[in-house]
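Structure first, commentary second.
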Amino acid sequence: MWETLLTFYLLVGGGYLLKRLGIFSEGDTAVFVNYIIHFALPVAVFGVIHDFDFSWRDFFVFTTAWITIFLSSLFVFVFLKPRVGDVKTLKTLFLTTSFGNTAFVGYPIAYALFGDKGLAYAILYDVLGNFIVVVTYAIFVIGGGVDWRTVYRFPPLGALILAFLLKGVPLDFLNTFIGVVKASITPTVVFALGLRFNPKGALLNLRGALLSVVWRQVIVPLFVLLFLTLLGNTLNLPFEEKMVILLQSSMPPFVMSVILSERYRLNTDLAVAAVNVGLLTLPLTLPLWYFMGKAFLSHQ
C-alpha cells in the first residue's frame, strides 16, 4: 500500500514540478488524456475484460456504484438544498459528491494492488457504474437533457462491448501488445494529474470542497463497508472484488466535474477546489479504507 501511494505521489509530484519548471504546461494534459481515453484505456479494457471470467456476483460491482450515486443525490437535493441557495453551486456539489475519480485514480490503484483482477473490477465499477450514469442521469440533472452521442463516442465502452462479444476467441498473439500498453496507463494518467494539480485551487471554496471530500472519501465508503460486511457472506464475493468496490467508492471527486462545470456554467472554482482537496487528502483516506477493508472483509 505505502509503495503504491509513494509511486502515485512521486508521479504527481514529477508532473507538477515539470509544469512549474516550464517544461510542460497544464494545457499539455490534453495530449496525455487523449492517449489514455482513445488508445491505452480501450486496449487495456479489451484485454482485461476479454480474459476475465465473470460470474453473476460481479453485477454487484457496478450496482454498488449506482446505490452510492443515489444516496449522494438524496444528500445534495434533499439535505443540502435548503442550506445552499445558489442552484449552480448545488449542481456542482451534486457532481463532486456523487462521482469519484474511479478511472484516473481508481484504475492505477486497483491495478497496483490487485493486478489484472483488480483492474477488471475497477473497469466494471467505472464504466458501467459511473460513466453510464454521468452521461445520462448527471447530464440530465445539470443540463436538462442527455447527449447520447457521448455514450457511443466513449472508446472504453466500445472496447468493453467488443471484449464481451469476442469472449472465447483465442487472442494470445495480442498479449504482449496489450501488456505493454496496459503498463503505460498508470504513469501516464498519474503524471497528467500532476500537470493539472493546483495547490492554490484547494483554497478556493474550501468549505464546499471539504464537504464534498468528507462525503465522498469518508461517508460513502463507510456505508459501502457496512454494506459489504453485512452482506458479504450472502453475496459470497471474492476478497479482491470487495476491496476494489470499497476503494473505488472512496475515490476523490472526479476531474470531469471541472469540465462539466465549465461547460454548463456552474461553480467551476468549487469543482477545482474539490478535486485538489481530494487529491491532497487521498494519502490519509486511502490507507484508512484499505486497512479497514482488510480487517473486516478478509475473513468472510
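My numbering applies: residue -19 is where the sequence shown begins, and numbers increase by one.
For each residue, glycine too, the CB sits at the ideal point set by N, CA and C.
Bear in mind that the values here come from a model prediction, so they are computed numbers and not experimental data.
Between the options, which lies nearest to residue i when the distance is taken from Cα to Cα?
i, options, result
"LEU146", "GLY27, ARG63, VAL224, ALA275", "GLY27"
"GLY(-5)", "THR168, VAL198, THR48", "THR168"
"ASP31", "ARG129, LEU173, PRO150", "PRO150"
"ALA83", "SER35, ALA20, GLY159", "ALA20"
"LYS222", "PHE271, ILE119, TYR(-11)", "PHE271"
"THR116", "LEU75, VAL257, GLY174", "LEU75"
"PHE59", "LEU206, PHE203, TRP195", "TRP195"
"ALA100", "ARG243, PRO62, GLN228", "GLN228"
"LEU(-15)", "HIS279, LEU260, ALA102", "LEU260"
Could you tell me the distance, in whole angstroms, from the CA atom of residue i to the CA atom of residue j?
i, j, result
"GLY164", "ALA251", "Position check: residue 164 holds Ser in this sequence, whereas Gly was assumed. When rounded, the distance between both Cα atoms is 28 Å."
"LEU140", "PRO22", "8 Å"
"THR48", "ASP249", "25 Å"
"VAL11", "ALA172", "9 Å"
"PHE40", "ALA90", "17 Å"
"LEU277", "LYS162", "28 Å"
"ALA143", "ARG176", "32 Å"
Cβ atoms of residue j and residue i: under 8 Å apart, would you say?
i, j, result
"ARG37", "LEU210", "no"
"ARG95", "VAL224", "Sequence check: residue 95 is Gly here, not Arg. Cβ atoms of GLY95 and VAL224: not closer than 8 Å."
"GLY273", "PRO232", "no"
"ALA45", "GLY109", "yes"
"ALA118", "PHE157", "no"
Grab me the residues of residue i's own chain with a C-beta within less than 6 Å of its C-beta, minus the 5 sequence neighbours each way, in chain order.
i, result
"LYS71", "ILE122, LEU246"
"GLY138", "none"
"SER281", "Look at the range of the chain in this structure, -19 to 280, and you will see that residue 281 is not part of it."
"LEU87", "It is worth fixing the name first, because residue 87 is Tyr in this sequence and not Leu. Here the set comprises ALA102."
Quick one: residues in its chain with C-beta nearer than 7 Å to the C-beta of residue i, no 5 flanking neighbours on either side, listed in chain order?
i, result
"VAL238", "THR248, ALA251, VAL252, VAL255"
Excluding the 5 residues preceding and the 5 following residue i in the sequence, name in chain order all residues of the same chain whose CB lies nearer than 8 Å to its CB.
i, result
"LEU183", "ALA253"
I'd like the ranges of any alpha helix (DSSP H) spanning at least 4 consecutive residues and lying wholly in the region 81 to 117. 86 to 103
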